[in-house]
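Numbering (the numbering used here), first residue to last: 8 to 301.
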């Protein structure tokens, strides 16, 4: 069983090129399940059945684990046993028929467009140029934290109007960079040479002139928001949600938003339509022949 898990994690790292977070979650979820199997005296993957998996999920549910955690755990177990099936170690996937309890899907939290624009339009101090550029880029292009963290210095003296980023599953996509964001990034490029270490490729650098860590990016965004007077805590994914919501409100083009976000499935993007129900209701009132006022 331990060799099975080790082989699956290696498969995720090498063949699937999964992110470190995905590998760590799979290791945590599957490792806990294998320890449960050992408690039950199940030491062979072929002896794990649907009842074993269901009993384990029931135990987690009784421990008040959230439905989202249970769904992630089941996803990890399905992946583990799909790998075992390909290796000929099991005859079927015991996690395939087990369902996690449904939980309420929380809507993404966003920053009001007016609040964000007012914060971004205020005068920028020299010490805040880098942080302002990061906020502008997150909001302009809808980047994930890992995507912005991995950006390297672009060629040329001015920032380009589009970027090639590496998203989940190492899938590349091209995202636009708006004029306001380019101006903020050009200001940062003028300062960057004073802070970056020799031969450092990263676009955003911190102390010591090396690539700014993901945690540091999160902390700098929160500090920027407090200084700008934003009424709520700011983090990278909230800016991504704001990008998607505000773009959908203005365009109504769900497919375009899906492409810009790099979502594999349209269903993932559709959650943003729930945030824009007021606008959709107005469109309905104007457009539907039985809804229009006489």
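We put the CB at the ideal spot given by N, CA and C, even for glycine.
For residue 19, the enclosing alpha helix (DSSP H) has its first and last residue at 9-21.
The beta carbon of residue 229 sits closer than 8 Å to those of 240, 241, 242, all from its chain and outside the five residues before and after it, given in chain order. Spanning the alpha carbons of residue 207 and residue 130 requires a straight line of approximately 29 Å. A straight line joining the alpha-carbon of residue 96 with that of residue 269 spans about 35 Å. Apart from sequence neighbours up to five positions away, the residues of its chain that approach residue 258 with a beta-carbon distance below 8 Å are 264, ordered along the chain. Following the DSSP letters along the chain, one finds residue 169 inside the beta strand (DSSP E) bounded by residues 169-173. In this structure, residue 140 and residue 191 form a Cβ contact; the two beta carbons are roughly 4 Å apart against a cut-off of 8 Å.
With a contact defined as Cβ atoms closer than 8 Å, residue 143 and residue 188 qualify at about 4 Å. DSSP places residue 214 outside any alpha helix (DSSP H), giving it a letter other than H or E.
DSSP places residue 180 inside the beta strand (DSSP E), whose first and last residues are 179-183.
Between the segment 156-169 and the segment 120-138 there are fewer than three C-beta pairs closer than 8 Å, too few to call the two in contact.
Of the residues assessed, residue 46 falls on the exposed side of the cut-off, its CB having fewer than 16 other CB atoms within 10 angstroms. Boundaries of the alpha helix (DSSP H) around residue 125: 120-127.
Going by beta carbons, residue 102 and residue 60 fall inside the 7 Å limit.
Note on geometry: alpha-carbon atoms of residue 161 and residue 44 lie some 50 Å from one another. Counting along the chain, residue 139 sits inside the alpha helix (DSSP H) bounded by residues 136-148.
Excluding the 5 residues flanking it on each side, residue 50 has same chain C-beta neighbours closer than 8 Å at 8, 44, in chain order. Annotated three-state conformation of residue 133 is helix, per DSSP.
DSSP places residue 253 inside the alpha helix (DSSP H), whose first and last residues are 243-258. Non-local C-beta neighbours of residue 184 in its own chain, meaning closer than 8 Å and more than five positions away in sequence, comprise 144, 147, 148, 166, 167, 168, 169, 170, 192, ordered along the chain.
Boundaries for residue 53: no alpha helix (DSSP H) harbours it, and the DSSP string shows neither H nor E there.
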